[in-house]
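Right, one structure below, let's go through it.
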Amino acid sequence: MPREKEGNRKTKGAPLPIVTTLQKFLKTYEKHCAQTQTSVCPAIKRDLKTSINNEQILSKFVLVRPDDSPPSILPVSLEPLLMTVQDECYMLGREISIWGLQLSNPEVARLASLLESKGRTCPFTTLKLMDCRMDAWSLGRLGTALQFSTLRSLVLDYCKFGNEEIESIFSGLENNQRLRDLSLRFCGLGPQSGPRLGSAVCRSVVRELHLDGNYLQCSGALGLLRPIAEYVEMQGKDQPATAPPDTRNPPQPLQGIKKKIKDLTEAGSWLVKLYLADNGIDGKGKEGENSLLEFTQILTRLIRYSTHLQELDLGNNVLGEAAAADILEALRARKTGKLPVLKITVTPQISSDTFRSIWENSQKFSITRKKKKKGMLLDICAG
């Protein structure tokens, strides 16, 4: 490795081009912070200096407000960083992560404009806005930018959304054939968000969907899964759009999915991993057992027919014995149909006899039992 570094030097002892680039980037960033009367983000400065010392490319920018900063200190802002990326034409960044900031309209407007510029001046493929606060206008502007951006991953964990605010994000997902991973964990999503999100996912190429820690309940989860399950069931019964597994040559799920998505000409349901842990999906409350039954029916259709789904997390939702039995039956049908391996995590409140019966009848299903305060954690893998 040292020889390789020396070979890239223009003259002996001269800094590598990336070192000069990052030094100039840091200088410009500090200048923009001074001009906008904002603080230099300690994390950005530290990462830049570390990359300079190690003579390495900096591909991830983490913008975070220092926990111990007194009110008298100027705030950390996103705008100087984005201005620097544009001024320096820095095309080596791949991810920008923002933690715990109140994002103003000008900041979001500049971010949206950068995302809309796509590959010309925007190198970023991953955007993480975690525990950030944005008003309705900013979310609307961000949603519009999503329709034109080249983002592959969007994380909005711990950002609290109202119905109108999250609608802006859903609109940006529709017919988006680039975004693969979406995370909306602990965002305060209620039952009314499920149908709208399900519709958006079915018109996109999202592969991983993280919704842990919301409160979709049975009706919201049902609304989310219904269009997805109906789509995969249609594809399963009428197979020209999705080729059946070759029993002579076992499928390579991830490789096959990547190729299908790469060659994709229209959106559809391509979910590989779905996380719905801790969403209040049970037969309790005013929704009652009927809603849980209806949800389970849709869920088992997804399990039976999805050729892409590899992981489904329903942990910390009290589904009960009847639902667990239906899930097991659907997994058996999936195995009979020679579909790819599917790992399911559920947390049912079931008797030990029922648990033993599932284990005895699962054959090649791998079941792991762990102690919990309420019920047991049951990992079921069909394979």
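Numbering (numbering that gives the first Met the number 0), first residue to last: 0 to 382. Note that beta-carbon positions come from the ideal geometry of N, C-alpha and C, so glycine has one too. The structure presented is a predicted model; accordingly, all values stated were derived computationally and were not measured.
Inset, instruction - May I ask you to report which of helix, strand or coil DSSP gives Arg177? - result: Against the sequence shown, residue 177 aligns to sequence position 178. DSSP places Arg177 in coil when its eight states are reduced to three.
Inset, instruction - Pick out whichever of Tyr28, Cys131, Ser50 has its Cα sitting closest to the Cα of Arg64. - result: Translated into positions along the sequence shown, residue 64 becomes position 65. The option with the nearest alpha carbon to Arg64 is Cys131.
Legend entry - Pairwise C-alpha distance: Lys272 and Arg333: For the purposes of this step, residue 333 is identified with residue 334 of the sequence shown, where counting begins at 1. For the purposes of this step, residue 272 is identified with residue 273 of the sequence shown, where counting begins at 1. Within the model, the alpha-carbon separation for Arg333 versus Lys272 is close to 16 Å.
Inset, instruction - Consult DSSP for Tyr89 and reduce its assignment to one of helix, strand or coil. - result: Taking the sequence shown and counting its residues from 1, one reaches residue 89 at position 90. Tyr89 sits in coil when the DSSP states are folded into three classes, being neither helix nor strand.
Legend entry - Nearest-angstrom Cα separation, counted from Leu172 out to Pro252: As a working note, residue 252 is residue 253 in the sequence shown. As a working note, residue 172 is residue 173 in the sequence shown. Confidence is the limiting factor: at Pro252 the pLDDT is only 49, short of 50, which leaves the residue's position unreliable, though a coordinate-based value still follows. Distance between the alpha carbons of Pro252 and Leu172 is about 24 Å.
Inset, instruction - Quick one: grab the DSSP three-state call for Asp325. - result: The residue labelled residue 325 in the question sits at position 326 within the sequence shown. Of the three classes helix, strand and coil, the one that applies to Asp325 here is helix, per DSSP.
Inset, instruction - Could you name each continuous beta strand (DSSP E) segment of 3 residues or more that falls completely within the stretch 73-153, going from the start of the chain to the end? - result: If one requires a minimum length of 3 residues, the beta strand (DSSP E) runs lying completely within the stretch 73-153 are 94-98, 125-129, in chain order.
Legend entry - According to DSSP, residues forming a beta bridge with Phe60: Translated into the one-based positions of the sequence shown, residue 60 becomes position 61. DSSP links Phe60 through a beta bridge to Ile95.
Inset, instruction - Give me the Cα-Cα distance between Lys159 and Leu338, rounded to the nearest whole angstrom. - result: The sequence position of residue 159 within the sequence shown is 160, counting from 1. The sequence position of residue 338 within the sequence shown is 339, counting from 1. A straight line joining the alpha-carbon of Lys159 with that of Leu338 spans about 37 Å.
Inset, instruction - On a CA-only basis, which of Glu310, Glu94, Lys30, Gln296 is nearest Arg126? Give me that one, please. - result: The count along the sequence shown starts at 1 and reaches residue 126 at position 127. It should be noted that the sequence gives Leu, not Arg, for residue 126. Comparing Cα positions, the closest option is Glu94.
Inset, instruction - Just tell me which of Leu181, Val18, Ser58 has its CA closest to the CA of Asp211. - result: Taking the first residue of the sequence shown as position 1, residue 211 is located at position 212. When only C-alpha atoms are compared, the closest one is Leu181.
Legend entry - Residue burial classification, Leu73 (beta-carbon count within 10 angstroms, cutoff 16): Residue 73 sits at position 74 when you count from the first residue of the sequence shown. In summary, Leu73 is exposed, with fewer than 16 beta-carbon neighbours lying within 10 Å of its beta-carbon over all protein chains present.
Legend entry - Run of the beta strand (DSSP E) containing Asp277, from where it starts to where it stops: Position 278 of the sequence shown, counted from the start, is the residue given in the question as residue 277. Per DSSP, Asp277 is not a residue of any beta strand (DSSP E), being assigned neither H nor E.
Inset, instruction - Can you check DSSP and say which residues form a bridge with Ser38? - result: Translated into positions along the sequence shown, residue 38 becomes position 39. Beta-bridge partners of Ser38 (DSSP): Val75.
Inset, instruction - Apply the 10 Å Cβ neighbour rule to Thr19 and answer buried if 16 or more other Cβ atoms are within range, or exposed otherwise. - result: For the purposes of this step, residue 19 is identified with residue 20 of the sequence shown, where counting begins at 1. So Thr19 counts as exposed.
Legend entry - Span of the alpha helix (DSSP H) around Leu341: Start at 1 with the first residue of the sequence shown, and residue 341 comes out as number 342. First-last for Leu341: 341-345, but that is the beta strand (DSSP E), not the alpha helix (DSSP H).
Legend entry - For Val107 and Phe60, the rounded distance between their alpha carbons: Within the sequence shown, residue 60 is the residue found at index 61, counting from 1. Within the sequence shown, residue 107 is the residue found at index 108, counting from 1. One Cα belongs to Phe60, the other to Val107, and the distance between them is close to 16 Å.
Legend entry - Beta-carbon proximity check, Glu164 vs Leu188, cutoff 7 Å: Taking the first residue of the sequence shown as 1, we reach residue 164 at position 165. Taking the first residue of the sequence shown as 1, we reach residue 188 at position 189. Remark: C-beta atoms of Glu164 and Leu188 do not approach each other more closely than 7 Å.
Inset, instruction - Could you check what DSSP says for Lys272 in three-state terms: helix, strand or coil? - result: Taking the sequence shown and counting its residues from 1, one reaches residue 272 at position 273. Of the three classes helix, strand and coil, the one that applies to Lys272 here is strand, per DSSP.
Legend entry - Proximity to Arg109 [Cα-Cα], best of Gly92, Gly219, Ser76: Within the sequence shown, the letter at position 110 stands for residue 109. Of the candidates Gly92, Gly219, Ser76, the one whose C-alpha sits nearest the C-alpha of Arg109 is Ser76.
Legend entry - Under the three-state DSSP convention, the category Asp46 falls into: For the purposes of this step, residue 46 is identified with residue 47 of the sequence shown, where counting begins at 1. Reduced to three states, the DSSP call for Asp46 is helix.
Legend entry - Spatially closest choice to Gln296 from Lys283, Leu318, Gly279, by CA coordinates: By one-based count along the sequence shown, residue 296 stands at place 297. Answer by Cα proximity: Leu318.
Inset, instruction - Please state whether DSSP places Lys307 in a helix, a strand or coil. - result: Within the sequence shown, numbered from 1, the residue matching residue 307 stands at position 308. Here residue 307 turns out to be His, not Lys, going by the sequence shown. Reduced to three states, the DSSP call for His307 is coil.
Inset, instruction - Please report how far the alpha carbon of Gly99 lies from the alpha carbon of Thr35, in whole angstroms. - result: Your numbering for residue 99 matches position 100 in the sequence shown. Your numbering for residue 35 matches position 36 in the sequence shown. Between Gly99 and Thr35, the C-alpha separation is close to 20 Å.
Legend entry - Residue(s) in a DSSP beta bridge with Asp312: On the sequence shown, residue 312 is found 313 positions in, with the first residue counted as 1. For Asp312, which the question treats as bridged, DSSP gives the partners Tyr274, Thr344.
Inset, instruction - Would you decide whether Gly193 is buried or exposed? Buried here means 16 or more other CB atoms lie within 10 Å of its CB. - result: Residue mapping note: residue 193 aligns to position 194 of the sequence shown, counting from 1. Residue environment for Gly193: buried (at least 16 other C-beta atoms within 10 angstroms of its C-beta).
Legend entry - Host beta strand (DSSP E) of Glu207 (start-end): Within the sequence shown, the letter at position 208 stands for residue 207. Per DSSP, Glu207 is one residue of the beta strand (DSSP E) stretching across 207-209.
Legend entry - Boundaries (first-last residue) of the alpha helix (DSSP H) holding Cys217: Along the sequence shown, one-based indexing puts residue 217 at 218. Start and end: 216-236.
Legend entry - Proximity of Leu153 and Leu178 at Cβ, strictly below 7 Å: Looking up residue 153 in the sequence shown gives position 154. Looking up residue 178 in the sequence shown gives position 179. A contact, by the Cβ cut-off of 7 Å.
Inset, instruction - For Asp134, count neighbouring C-beta atoms within 10 Å of its own C-beta (all shown protein chains included) and say buried if the count is 16 or more, exposed if not. - result: Sequence index remark: in the sequence shown, residue 134 carries index 135 (1-based). Under this definition Asp134 is an exposed residue.
Legend entry - Straight-line gap, His31 to Leu21 (C-alpha atoms, nearest Å): Here the question's residue 31 lines up with position 32 in the sequence shown. Here the question's residue 21 lines up with position 22 in the sequence shown. Cα to Cα, the separation comes out at about 15 Å.
Inset, instruction - Find out if the Cβ-Cβ distance for the pair Gln216, Gly279 is shorter than 7 Å. - result: Here residue 216 corresponds to residue number 217 of the sequence shown, with the count starting at 1. Here residue 279 corresponds to residue number 280 of the sequence shown, with the count starting at 1. Yes, these two residues count as a Cβ contact at 7 Å.
Legend entry - Close-in-space but distant-in-sequence residues of the same chain around Arg45 (CB under 7 Å, 5 per side omitted): The residue you call residue 45 lines up with position 46 of the sequence shown. Taking C-beta separations shorter than 7 Å and ignoring five residues to either side along the sequence, Arg45 has no partners in its chain.
Inset, instruction - Please determine if the stretch 304-317 and the stretch 213-233 are in contact, where contact requires at least 3 C-beta pairs separated by less than 8 Å. - result: Verdict: yes, contact present.
Inset, instruction - Excluding the 5 residues preceding and the 5 following Glu328 in the sequence, name in chain order all residues of the same chain whose CB lies nearer than 8 Å to its CB. - result: One-based indexing of the sequence shown puts residue 328 at position 329. Thr299, listed in sequence order.
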